[in-house]
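All remarks here apply to the structure that follows.
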Amino acid sequence: MNTTGLEVCPRVFLSGVMGQEIISNFDFRSPNLKSKIVNRKSQTSLLLTAYCLLFTALYGCAISHGVYHKVEEGQTLWRIAKAYEVDIQDVAEFNDITDMTQIQEGQMLFIPGSWRVLKVEPYRPPGSGDTKIAPKKNAGKKRSLTSKHKPFSEESEGRIIVEKWRFSWPVKGAIISYFGVRNGKKHDGIDIAAATGTPVKAAHDGEVMFSNDSLRGYGYTIILKHKDGFFTVYAHNEVNLVKVGDTVKRGAIIAKLGDSGNASGPHLHFEVRKDRKPRNPLFFLP
Ligand SMILES: [Zn+2]
Numbered sequence: 309m310n311t312t313g314l315e316v317c318p319r320v321f322l323s324g325v326m327g328q329e330i331i332s333n334f335d336f337r338s339p340n341l342k343s344k345i346v347n348r349k350s351q352t353s354l355l356l357t358a359y360c361l362l363f364t365a366l367y368g369c370a371i372s373h374g375v376y377h378k379v380e381e382g383q384t385l386w387r388i389a390k391a392y393e394v395d396i397q398d399v400a401e402f403n404d405i406t407d408m409t410q411i412q413e414g415q416m417l418f419i420p421g422s423w424r425v426l427k428v429e430p431y432r433p434p435g436s437g438d439t440k441i442a443p444k445k446n447a448g449k450k451r452s453l454t455s456k457h458k459p460f461s462e463e464s465e466g467r468i469i470v471e472k473w474r475f476s477w478p479v480k481g482a483i484i485s486y487f488g489v490r491n492g493k494k495h496d497g498i499d500i501a502a503a504t505g506t507p508v509k510a511a512h513d514g515e516v517m518f519s520n521d522s523l524r525g526y527g528y529t530i531i532l533k534h535k536d537g538f539f540t541v542y543a544h545n546e547v548n549l550v551k552v553g554d555t556v557k558r559g560a561i562i563a564k565l566g567d568s569g570n571a572s573g574p575h576l577h578f579e580v581r582k583d584r585k586p587r588n589p590l591f592f593l594p
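So this note's numbering is basically just the index in the sequence shown, starting at one, shifted up by 308.
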C-alpha cells in the first residue's frame, strides 16, 4: 500500500520529460544542446535527471493544495465547480466521479487548488422561486441527488469527459491506491498490486520516452508517449524490457512488475498524463 515512494516528486519528474519533449518540438534552445538531445539518446536520462534535480532545487516538490467541501442539499457538481472557479473535470477526476449526477448529500469533495471552503448556492427547480429549501427530516443522510433534481438543465453547461476506450489495463490486479489526494498526499496515478514478475503491458501504441531506474524512489520506470498529447508512466518495475526510442504496440509487454524504488510491496504505479497534467487513469481505462 505504498503511496509515498512515487510521490517523491512526480510533477517535477514529468516536467523534466515534458520539458525535453517541448525542446525537441520547438527549437528555442541552443542548436548545440538540441542536437545533443536528438543525436545522443544515451544522454537523455542524464538530462532528465538533471532537469528533475534542477526543478527540485528551484521549486521543491509542488504539493497540491485544496479543501474538502461537504455537499449539501441541492448542490450540483456544476454549481460547486462554478462557485470555486475550478474545472468540473478536475473536481470529477480528483473525486472519482464519472457520472456527475451521482454526487450525494453529505459527500466530501476535494476541491483542488482552493484555499477555503465556500458557500454554494443550491439548485432550485424551476418555479420554486427564491424560497429557501426546507430542511429535510433525513438531512445529512447520504442519498443520491439524481432522482429528485434530474434533469439539471444548467449542468449541460458542464460535463465530465470519460474516455474508457483510450487505454487498456497495463496489468490486472487490485487497485491499492487511487488517484487524487490521500491522507494529505497527492497521488498522481493508481497503484495496482500483482505478483512480482507479472508482465506489464503498454496501455496504447506509443514511443518509449524514458526507461531507467535513475530517479530515486521510482525504481525502474518507463514513460510512453502516445497520440493526442497523452503519456503513460509505469513505475516500480522489476525490470524494464524496452529502451528509449522503441515503438510499442498496445498490449506489448514492456516490463515485469516489481517493487523497485521506494515500494513496500510489488505493485505497478501507473499514471496517465495529458500534456503535463496528471489525469485520473480510471477515466481512461475500461
Ligand atoms: Zn503510486
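Built from N, CA and C at the ideal position, the CB exists for glycine as well.
Per DSSP, K390 is one residue of the alpha helix (DSSP H) stretching across L385 to Y392. Collapsing the DSSP output to three states places I468 in coil. Here DSSP, grouped into helix, strand and coil, assigns P586 to strand.
Residue pairing by DSSP places I483 opposite I500 in a beta bridge.
Non-local C-beta neighbours of Q415 in its own chain, meaning closer than 6 Å and more than five positions away in sequence, comprise V379, ordered along the chain. By the neighbour-count definition (other C-beta atoms within 10 Å, threshold 16), L523 is a buried residue. As a beta-bridge residue in DSSP terms, G514 pairs with V556. Spatial neighbours of K551 in its own chain (CB-CB distance under 7 Å, excluding positions within 5 residues in sequence) are listed in chain order as V516 and S519. Taking C-beta atoms as the reference points, G488 and F402 count as a pair closer than 8 Å. Straight through space, the alpha carbons of A571 and I498 are spaced by roughly 13 Å.
Bridge partners of F578 according to DSSP: I498 and Y542. With contacts defined as CB atoms closer than 8 Å, A502 and K535 fail to qualify as a contacting pair.
In this structure, DSSP gives V489 an extended state, which the three-state scheme calls strand. Placement of the Cβ of D521 at a distance of 7 Å or more from every heavy atom of ligand 1 is found. Around the beta carbon of T540, 16 or more other beta carbons sit within 10 angstroms, so the residue counts as buried. Setting aside the 5 residues that flank it on each side, Q383 is surrounded in the same chain by V428 and P430, each with a C-beta closer than 6 Å to its C-beta; the list follows chain order. In summary, I405 is buried, with 16 or more beta-carbon neighbours lying within 10 Å of its beta-carbon over all protein chains present. Following the DSSP letters along the chain, one finds I396 inside the alpha helix (DSSP H) bounded by residues I396 to F402.
Using a cutoff of 7 Å, the CB of G497 counts as near ligand 1, since one of the ligand's heavy atoms is closer than that. Taken through DSSP and simplified to helix, strand or coil, K509 comes out as strand. Residue environment: G492 is assigned as exposed (fewer than 16 neighbouring CB atoms within 10 Å of its CB, all protein chains considered). Assigned with DSSP and collapsed to three states, T529 falls in strand. In the structure shown, F418 falls within a strand segment according to DSSP collapsed to helix, strand and coil. By the beta-carbon neighbour count (other beta carbons within 10 angstroms, threshold 16), E471 is exposed. In this structure, I419 keeps its C-beta atom at 8 Å or more from the C-beta atom of G466. Relative to K585, the option among P594, D496 and V399 whose CA is nearest is D496. Between the C-alpha atoms of I484 and A511 there is a straight-line separation of about 19 Å. Here N548 is near A563, since their CB atoms are less than 8 Å apart.
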